[in-house]
Amino acid sequence: MERIAWVTDSTGLLDEELSQNEHVYVVPMIVIIDGKEYEDGVDLSSEELYRRMNEEKINPTTSQPSVGRFYELYKMLEKRYDRVISVHLSSKLSGTVSASQQAAQMVTIPVDVFDSLLISFPMLLILKRLMYYVENGHSIDEAFVKTRKYADSHETYVLIGSLDQLYRSGRLTNAQYFLGSLLSFKPIISIEDGLLHTKSKPRNLKKAEKQIFSDFRKSFATGKVKECTILYGALSEQTQKWKAMISEEFPNVKTHVSPLGSAIGVHTGEQTIGISWFNED
-11 MERIAWVTDS TGLLDEELSQ NEHVYVVPMI VIIDGKEYED GVDLSSEELY
39 RRMNEEKINP TTSQPSVGRF YELYKMLEKR YDRVISVHLS SKLSGTVSAS
89 QQAAQMVTIP VDVFDSLLIS FPMLLILKRL MYYVENGHSI DEAFVKTRKY
139 ADSHETYVLI GSLDQLYRSG RLTNAQYFLG SLLSFKPIIS IEDGLLHTKS
189 KPRNLKKAEK QIFSDFRKSF ATGKVKECTI LYGALSEQTQ KWKAMISEEF
239 PNVKTHVSPL GSAIGVHTGE QTIGISWFNE D
């Protein structure tokens, strides 16, 4: 069998299973604070980021990993593996996929790049699905086709915690920010075809929570939901509440709980919370 290295980016924080897999490698995203670059999850944690955002009122930005960063990793992997499969966040939200593809052209080891069209832990579930297919005898092409179908079945709804942070990071216009603040909107953002869309603008947290769980119930009723992920900025009572609600109402659904990480937290803020799931055949 081919010796395969699996590569992803730090927008997805590895769970215990993946972190213990010696064949999984993570390329960190870059967070820039006052002109200084920090590697997401390496020399900057989300806890430290939120602390500095609250106390120092910093205005951080983010950047994709460089082509050179990918090239260095792929050259190193050439010595140990026969192939690299690289899974990354949506190409419509970041140039990470492009950087990975460019570096792949510069090395001799075959590198197959999969655009998850997702972010965070749902992206890692895509990685796990690819691993499953390949390790169970499917060709790379077959695994990619099957995994794309799985990825396209996802639904992701995130309640943005901070309009201030979305505005500072350039994701809201002046008019959108003013109107949202004036009316106390709690925008629910969905990920559709790799892009962020404003699904709705509930006026308070209770209404936003009700809408997200209503969507989840509709999907669950089809019998296709086997697992879900609660995504959060900073662990909070709200996170624990949602986990308890899902466990009580949907005891047969496997529930992951995963932080969004500092590279995403730059844009969304620490009070962000959401749910993602796949509608499996």
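If you read the sequence shown in the numbering used here, its first letter stands for residue -11, the second for the next number, and so on. Using N, Cα and C, we set each Cβ at its ideal position, and we do this for glycine too.
| the region -8 to -1 contacting the region 70 to 89, beta-carbon criterion three pairs below 8 Å | yes
| task | Mark H255 as exposed unless 16 or more other C-beta atoms lie within 10 angstroms of its C-beta, in which case mark it buried. | result | buried
| said: What ranges does the alpha helix (DSSP H) occupy inside the region 40 to 96, keeping only unbroken runs of at least 4 residues that lie completely in it? | reply: 55 to 65, 84 to 92
| said: Assess contact between the region 23 to 41 and the region 85 to 102, defined as three or more Cβ pairs (one per stretch) separated by less than 8 Å. Is contact present? | reply: no
| request: Could you check the C-alpha separation between P190 and D100 for me, to the nearest Å? | output: 41 Å
| Given that a residue counts as buried once 16 or more other Cβ atoms are within 10 Å of its Cβ, and exposed if not, what is L1? | buried
| query | So, helix, strand or coil for F238, using DSSP? | reply | coil
| query | So which of P175, V14, K212, V133 has the shortest CA-CA distance to E197? | reply | P175
| task | If I'm right that V19 touches Y13 with Cβ under 8 Å, what's the distance once you round it to whole angstroms? | result | That belief does not hold up - the Cβ atoms of V19 and Y13 are roughly 20 Å apart, past 8 Å.
| said: Check this for me: beta carbons of T(-1) and L105, under 9 Å apart or not? | reply: no
| query | Three or more C-beta pairs closer than 8 Å, one from the region 224 to 236 and one from the region 4 to 11: is that the case here? | reply | no
| task | Compare the C-alpha of D181 against each of D203, S141, I218 and name the closest. | result | S141
| For P190, which of helix, strand or coil comes out of DSSP? | coil
| said: Going by beta-carbon coordinates alone, are P16 and P53 separated by less than 9 Å? | reply: yes
| message | Quick check on this structure: which residue in S7, L6, T(-4), E268 has the alpha carbon closest to the alpha carbon of E143? | response | E268
| request: Pick helix, strand or coil for T260, following the three-state DSSP scheme. | output: coil
| query | How about S178 and V213: are their beta carbons less than 9 Å apart? | reply | no
| field | Alpha-carbon spacing of G149 relative to G56, whole angstroms | value | 34 Å
| request: Can you check DSSP and say which residues form a bridge with E27? | output: I18
| Proximity below 9 Å, CB of T243 to CB of S235 | yes
| If you check the beta carbons only, do C216 and I252 fall under 9 Å apart? | no
| Where does A196 sit, in a helix, a strand or coil, going by DSSP? | helix
| query | Roughly how many whole angstroms lie between the Cα atoms of T161 and Q259? | reply | Per-residue confidence for T161 stands at a pLDDT of 49, beneath the threshold of 50, marking its modelled position as unreliable; no derived number is given.
| Endpoints, beta strand (DSSP E) assigned at E180 | 176 to 180
| task | Give the secondary structure of H255 by DSSP, where H, G and I count as helix, E and B as strand, and everything else as coil. | result | helix
| message | Taking its Cβ as the centre, do 16 or more other Cβ atoms sit within 10 Å of P301, making it buried, or is it exposed? | response | This structure cannot settle anything about residue 301, because the visible part of the chain is limited to -11 through 269.
| Assuming F102 contacts L81 under a Cβ cut-off of 8 Å, what Cβ separation, rounded to an integer in Å, is found between them? | 15 Å between Cβ atoms; not a contact.
| field | Three-state secondary structure assigned by DSSP to I218 | value | strand
| query | Relative to the alpha-carbon of L6, which residue among Y62, Y138, E66, L112 has its alpha-carbon at the smallest distance? | reply | L112
| Proximal residues to L183 (C-beta, below 6 Å), its chain only, five neighbours per side dropped | K80
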